[in-house]
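In my numbering, the protein residues as written are 12 to 213. These notes concern the structure reproduced below.
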């Protein structure tokens with residue numbers, strides 16, 4: 012199954028995980044990361060408001076340069092209670108994040124904004140993730156690797172730290188970084204993509 016489009020497609024993210032998921036559609040796309048700094052989460056009343064703003068900023072900034080294209084911006088955050096756990100800056104912060112997540116349930120929120128010309132579509136997926144109780148030795152060994160430092164919450168469910176996960180309620184791909192099934196539905200509904208060999212276009 013392969014999709015087609017009449018527009019150039021741009022992913023406003025350099026995340027290899029998002030690129031891999033978008034390739035599932037079979038549509039050629041460019042990668043043009045946003046160059047703007049992400050906003051300060053403390054400026055927002057809710058974690059959801061923050062992640063929606065981040066996704067929209069990425070898509071809009073790149074779309075201003077590529078007005079001909081379908082531009083997809085996405086952002087993922089990890090939320091524990093009222094605390095947003097972003098990408099850790101160092102081993103100490105990564106260790107602290109994983110100690111907090113150990114044995115508890117947290118939320119992963121991924122927001123997506125799609126911009127094409129004057130058209131803009133935004134949605135999000137919220138997933139509940141529960142960790143096993145993590146031995147300190149596991150946390151220490153994992154934070155000695157490079158893996159935690161480019162991931163919100165200091166872990167990636169698709170990597171070795173997937174061994175930390177006891178249960179997930181929701182879209183696995185949203186935790187990875189791009190809810191590709193929901194995105195496909197949005198792109199088809201907007202008339203941006205269509206199934207190859209099909210005359211049906213929404």
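Glycine residues also receive a C-beta, built at the ideal position from the N, C-alpha and C atoms.
Output needed for residue i: all residues of its chain with C-beta closer than 6 angstroms, excluding positions within five of it in sequence on either side, in chain order.
i, result
"residue 20", "38, 40 and 81"
What are the start and end residues of the beta strand (DSSP E) that includes residue i?
i, result
"residue 154", "Note, residue 154: premise wrong, no beta strand (DSSP E); alpha helix (DSSP H) at 147 to 154."
"residue 49", "No beta strand (DSSP E) contains residue 49, which DSSP labels as neither H nor E."
Taking DSSP as the reference, what is the three-state secondary structure of residue i?
i, result
"residue 213", "Because the pLDDT of residue 213 is 46, which lies under 50, any placement of that residue in the model is unreliable, and the question is left without a value."
"residue 106", "helix"
"residue 84", "strand"
"residue 221", "Nothing can be reported for residue 221, as the shown portion of the chain is limited to 12 through 213."
"residue 180", "strand"
"residue 205", "strand"
"residue 14", "strand"
"residue 130", "strand"
"residue 139", "strand"
"residue 22", "strand"
Below 7 angstroms between beta carbons: does that hold for residue i and residue j?
i, j, result
"residue 121", "residue 50", "no"
"residue 106", "residue 154", "yes"
"residue 129", "residue 67", "no"
"residue 205", "residue 15", "yes"
"residue 141", "residue 116", "yes"
What's the call for residue i, buried or exposed, on a 16-neighbour Cβ count within 10 Å?
i, result
"residue 70", "buried"
"residue 17", "exposed"
"residue 164", "buried"
"residue 172", "buried"
"residue 180", "exposed"
Given residue i, which residues of its chain have a CB within under 7 angstroms of its CB, disregarding the five upstream and five downstream residues?
i, result
"residue 23", "43, 44, 45, 69, 70, 73, 82, 83 and 84"
"residue 162", "98"
"residue 177", "141, 142 and 143"
"residue 136", "121, 181, 182, 185, 190 and 193"
Taking 6 angstroms as the line, does the beta carbon of residue i fall inside it for any heavy atom of the ligand NAD?
i, result
"residue 123", "As presented, the structure is devoid of all ligands, the ligand NAD included, so that no description of it is given."
So residue i is in the alpha helix (DSSP H); what residue range does that whole segment cover?
i, result
"residue 31", "27 to 33"
"residue 73", "58 to 74"
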